[in-house]
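Just so we're aligned: the sequence shown equals residues 81 to 488 in the working numbering. Note that the Cβ used here is the ideal one computed from N, Cα and C, for glycine as well.
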Amino acid sequence: MKINILISIIIFLIIKSIINAQPKHNIIYENKFHQNILPENLNTAFYFFDYIDSLSIHKANPVFQNNFGNSIIRLGKIFLTNYLITDYMLTMNHEFGHGYRMIEAGGEIKKIVYNWPPPFSNDFSYITLDRPANFTKQQELMINLGGSEINLVFSDVMRKNILLQGRFNYSYSFAYLYSSNDMPGYTAFVRRSAGDPERYRQNLNEFYYSNGKFLTRDKIKNYSFLALFTDPMNFYALKSIFYDYLIKGKHNSKVEMLNLSNRLKYLPRFRFEYTPYGPELVYQNYFKFGSKLAQLSFSHSDSKLPDSWRATANIWNVKPINKLSFNFSGQIWQQPEIEFYHDDELINVDELGGKLLATVNYDIIKNKHIYGIAFQIGYKSSGFSIGEQLYKGMIIRGGVSFQLNNDK
């Protein structure tokens, strides 16, 4: 009876949602773990940057009387601002991702060295870490994957916001291309022995050596190319910045989805994710109906590695009343054995697990712009979930939300 009532309430909230697809942007704080909140807050930083940029759209310079001259000006702006700002923010995000996983394991960040991107420098940025006394091989794998993991979380937030809005702002293009392709691009094109993908693969093969399990570079490289070329958002990112903005001078462009009906739109994509037990192959499906966006995804392990699977469901922008909106997220998974230290106690996890999370946005001030509060509450069991700590526990986050409107 209680389950039927709960289902009825959720259906009511979905049906009563008001048509308003403008996403809320949050500044969130959590006391325990920052692998999730830093990407959320960085997305808000890009949102502020984009809003300021939209107020000063680069119009035709009177010195130039043709589109070619204006394109040159815009190219300089892209290179000297968007490219450099994006690289700094997401490279530091990547390095902090390694650091947060080390802090979770009981270690510390010693220093982070940032090196400018090409053509200014050919050196890689890096982080140095202080490891704890008690440390498992799977925690080492978590640190290997932590940099690309945190950028995947960033890309998930950005993709959600873009699909809710239905338009791709050009100033998000480099950020999306960097963050979403951090893991597959790094894996496909970088062969440095000190690089994250090579160290991850080496540590994974050492971990499974006694079981005769082995992950080859060719296989993970094929997964990388598949992820790079089957994400339609990569196409929209390239089109938005290099055609719509650079050539046409437009600030944003429409993101098309497949029309399943008059009200239902669909967008599929594939990616893979590194985990402490091997890569998972992820099949994501986005559905947009009215002002709401939903995602259903399923993932599984490589056939040559221990079995794992995960089912995920998300829905965003459920609005029962004008000032109130909800996001709901849930996962259920079956994972191989994971060993890690938590407060110097060895934890062994080998069971069915899951995560539930609800986000509440409440608007306090509504005039030209909207300001409000954001609150997240949930629970996850012990196990791996992207962007969350390994150990079980409550998830409690809070902060403020914004929606800035440009009437120009």
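When DSSP states are grouped into helix, strand and coil, M182 belongs to the helix group. Contact between L347 and L338 holds, since their C-beta atoms are separated by about 7 Å, short of 8 Å. Listed in chain order, the non-local C-beta contacts of I466 below 7 Å within the same chain comprise E229, L232, V233, E353, local neighbours out to five positions each way being set aside.
In this structure, G479 lies away from I152, with their beta-carbon atoms at least 8 Å apart.
The DSSP-derived three-state label of R390 is strand. One Cα belongs to Y288, the other to D430, and the distance between them is close to 16 Å. The Cβ-Cβ distance between Q415 and Y357 falls below 8 Å. Within the same chain, Cβ atoms closer than 7 Å to the Cβ of F204 are found at N195, the five residues on either side in sequence being excluded. Of the residues assessed, D167 falls on the buried side of the cut-off, its CB having 16 or more other CB atoms within 10 angstroms.
If you check the CB distance, D130 and N241 do not come in under 8 Å. The residues N485, in chain order, have a CB closer than 6 Å to that of K448 in the same chain once the five nearest residues on each side in sequence are set aside. Burial is judged here by how many other beta carbons sit within 10 angstroms of a residue's own beta carbon; L257 has at least 16 and is buried.
Annotation: the segment 312–370 contains the following complete segments of the beta strand (DSSP E) (minimum length 3 residues), in chain order: 332–334, 344–353, 360–369. As summarised for the segment 116–175, the continuous alpha helix (DSSP H) elements at least 4 residues long and confined to that stretch are 117–135, 147–157, given in chain order. The beta carbons of L308 and G265 sit about 7 Å from each other, so the pair counts as a contact at 8 Å.
The beta carbon of K293 sits closer than 6 Å to those of L385, all from its chain and outside the five residues before and after it, given in chain order. Within a 10 Å sphere around the beta-carbon of K334 sit fewer than 16 other beta-carbons, which makes this residue exposed.
Boundaries of the beta strand (DSSP E) harbouring A374: 372–381, taken from the DSSP string.
For the segment 258–295, the full-length alpha helix (DSSP H) segments reaching 4 residues or more read 262–269, 276–287 along the chain. Taking a cut-off of 8 Å on C-beta distances, the segment 420–428 touches the segment 212–223, as three or more cross pairs fall below it.
About 5 Å separates the beta carbons of S481 and N441, which is inside the 8 Å limit, making them a contact pair.
Taking C-beta atoms under 8 Å as the contact rule, I457 and I476 qualify, at a distance of about 6 Å.
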